[in-house]
Each structure stands twice: as C-alpha cells, then as structure tokens.
Amino acid sequence: GNSVTQMEGPVTLSEEAFLTINCTYTATGYPSLFWYVQYPGEGLQLLLKATKADDKGSNKGFEATYRKETTSFHLEKGSVQVSDSAVYFCALSDQRGSTLGRLYFGRGTQLTVWP
Amino acid sequence: DAGVTQSPTHLIKTRGQHVTLRCSPISGHKSVSWYQQVLGQGPQFIFQYYEKEERGRGNFPDRFSARQFPNYSSELNVNALLLGDSALYLCASSLALSANTGELFFGEGSRLTVL
Numbered sequence: 007g008n009s010v011t012q013m014e015g016p017v018t019l020s021e022e023a024f025l026t027i028n029c030t031y032t033a034t035g036y037p038s039l040f041w042y043v044q045y046p047g048e049g050l051q052l053l054l055k056a057t058k059a060d061d062k063g064s065n066k067g068f069e070a071t072y073r074k075e076t077t078s079f080h081l082e083k084g085s086v087q088v089s090d091s092a093v094y095f096c097a098l099s100d101q102r103g104s105t106l107g108r109l110y111f112g113r114g115t116q117l118t119v120w121p
Numbered sequence: 003d004a005g006v007t008q009s010p011t012h013l014i015k016t017r018g019q020h021v022t023l024r025c026s027p028i029s030g031h032k033s034v035s036w037y038q039q040v041l042g043q044g045p046q047f048i049f050q051y052y053e054k055e056e057r058g059r060g061n062f063p064d065r066f067s068a069r070q071f072p073n074y075s076s077e078l079n080v081n082a083l084l085l086g087d088s089a090l091y092l093c094a095s096s097l098a099l100s101a102n103t104g105e106l107f108f109g110e111g112s113r114l115t116v117l
C-alpha cells in the first residue's frame, strides 16, 4: 500500500539555519510527491512537487528531490526565516489511477524558527 | 478570487448526533475531496467527487457520506457520531484530475468536537 513517513517534530531552529525535514515513502506504481505547508490559522498550501524520479521541486527557497532509489523526498532550505514557522506535510499521490484528489499524507513536522 | 470556503468553522455535537459540513470549491473547479485530520496526524482521505460522481472513497465506515451538487459545492455527512470523529475536516478542490498537472487547494477546515 501507500504510506509516507516523516521525521518526528517539533523542529526548532534559529533564523538563517539550514533545514532538513526527512520524508520516505512506500508506494505502488509511480507516485507523484508533494510538500504541503500549513501556516498558523490557514489551510494547507502546496509548497512544491515532483512527478518523476530525479525531478527537483523548488519554491520560496525550499527544495526537494524525488529519489526513487532511496524512496525519499527530503525537504531542504539553506537559510530559514521566522516566517517559515509552520507545519510541513509530505504527501504522495498514487499515479496509477491518475486521480489527483487522493493524497496520502505524513503526520506533519512542526517547524519553529526563532529570531 | 475566493478560495475554498467551508462552513461551519467550528461546531460541537454529542455522541449519536448527525453533522453536515459544507464546502464551496474555487470557481471553475469541478473536483472536491474531503479529508479528516485528527490532532497530531496528517490528513486522511475520505471522499473525492468529480462532476457530481464519487471517484474515490477512503477507509471510512458507512456513517460517512457525501454528495456534490450541480454547482460543484459539496456536503459531507456523518451519522451516529462517535468521540473518535472529533477532528478537523478539510475540503480541497482542484481543476484537473491528473497529479501531474493539477494542484489541490485546501480550505481552512471545519473543526468538529464530539462530546
């Protein structure tokens, strides 16, 4: 079956520190991979995505590379800001059905950045 | 443009009662999905509707049902509420069905508390 495993939180960093949030997955077929972010008081927003092996998704300084050999999609940012404080969710979509609506989410990782 | 809107934002029910949650997708989006997010966990897929037809159903009991109206808005109904149904219920809409080209847009959710 399909599942996503994220590193446990919370993660607390100082501003300008390097961020890595680990994500590994189990999937049948050829999934697309996503990172969603949930800022306080807001709905989930797509941060970045990758649809095939070796693709790199990037947005707002965040990056993640689709690694099929290690079944991973780790999120990285070189220099975090206080405004990056949020909950980050890794997710996958089973490609076989080509239906976008069904995503499988990890548990989420709370990130807090201090000035 | 308005995003995905959900109502009510908060509600409290007692065990055995029934609840109806409502969702209006982004204008032009024909696909609506529902997710349940229990505190401390990632969202879990409940249903997807596209063009008023059910396109997917997650591992939830028959107490959960949904429908989509001709204007693409949607309702999620839960009967015989249990304490374990307490959660944030998220609605998401999308323009496309394919994970390669589409993006899910989430509402802020309806927070249900069952006493």
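Protein chains in written order, with our numbering: chain A, 7 to 121; chain B, 3 to 117. Even for Gly, the Cβ is constructed at its ideal location relative to N, Cα and C.
With DSSP collapsed to three states, give me the class of A:S89.
For the purposes of this step, residue 89 of chain A is identified with residue 83 of the first sequence, where counting begins at 1. Helix, per DSSP.
Can you round the beta-carbon distance between A:L117 and A:L109 to whole angstroms, since I take them to be within the 8 Å contact cut?
Locating residue 117 of chain A in the first sequence gives position 111, counting from the first residue. Locating residue 109 of chain A in the first sequence gives position 103, counting from the first residue. The C-beta distance from A:L117 to A:L109 rounds to 20 Å, too long to meet the 8 Å contact threshold.
For the beta strand (DSSP E) that B:I28 lies in, which residues bound it at each end?
As a working note, residue 28 of chain B is residue 26 in the second sequence. First-last for B:I28: undefined, no H or E at that position.
Please say whether A:G63 and A:L54 have beta carbons closer to each other than 8 Å?
Here residue 54 of chain A refers to the residue found at position 48 of the first sequence. Here residue 63 of chain A refers to the residue found at position 57 of the first sequence. In this structure, A:G63 lies closer than 8 Å to A:L54 by Cβ.
B:F47: first and last residue of the uninterrupted beta strand (DSSP E) it sits in
Residue numbering aside, residue 47 of chain B sits at position 45 when the second sequence is read from its first letter. Per DSSP, B:F47 belongs to the beta strand (DSSP E) from 46 to 52.
Taking only beta-carbon positions, decide if B:Q43 is within less than 8 Å of chain A.
The sequence position of residue 43 of chain B within the second sequence is 41, counting from 1. Output row for B:Q43: interface = yes.
Are the region 78 to 85 of chain B and the region 14 to 23 of chain B touching, with three or more C-beta to C-beta distances below 8 Å?
yes
Identify, in the order they occur along the chain, each residue of the same chain with its Cβ nearer than 6 Å to the Cβ of A:V93, setting aside the five sequence neighbours on each side.
Numbered from its first residue, the first sequence carries residue 93 of chain A at position 87. Hits under 6 Å: Q44, G114, Q116.
Classify B:A4: buried if its beta carbon has 16 or more other beta carbons within 10 angstroms, exposed otherwise.
If you number the second sequence from 1, residue 4 of chain B lands on position 2. Per the 10 Å Cβ criterion, exposed.
Using DSSP bridges, identify the partner residues of B:H12.
Within the second sequence, the letter at position 10 stands for residue 12 of chain B. According to DSSP, B:H12 bridges with B:R113.
Taking A:G63 as part of the beta strand (DSSP E), name the residues at either end of that continuous run.
For the purposes of this step, residue 63 of chain A is taken as residue 57 along the first sequence, with counting starting at 1. Per DSSP, A:G63 belongs to the beta strand (DSSP E) from 62 to 65.
I want to check one thing, is the minimum distance from the CB of B:S75 to the heavy atoms of the ligand ZN below 7 Å?
Of ligands this structure carries none, so the ligand ZN is not represented either.
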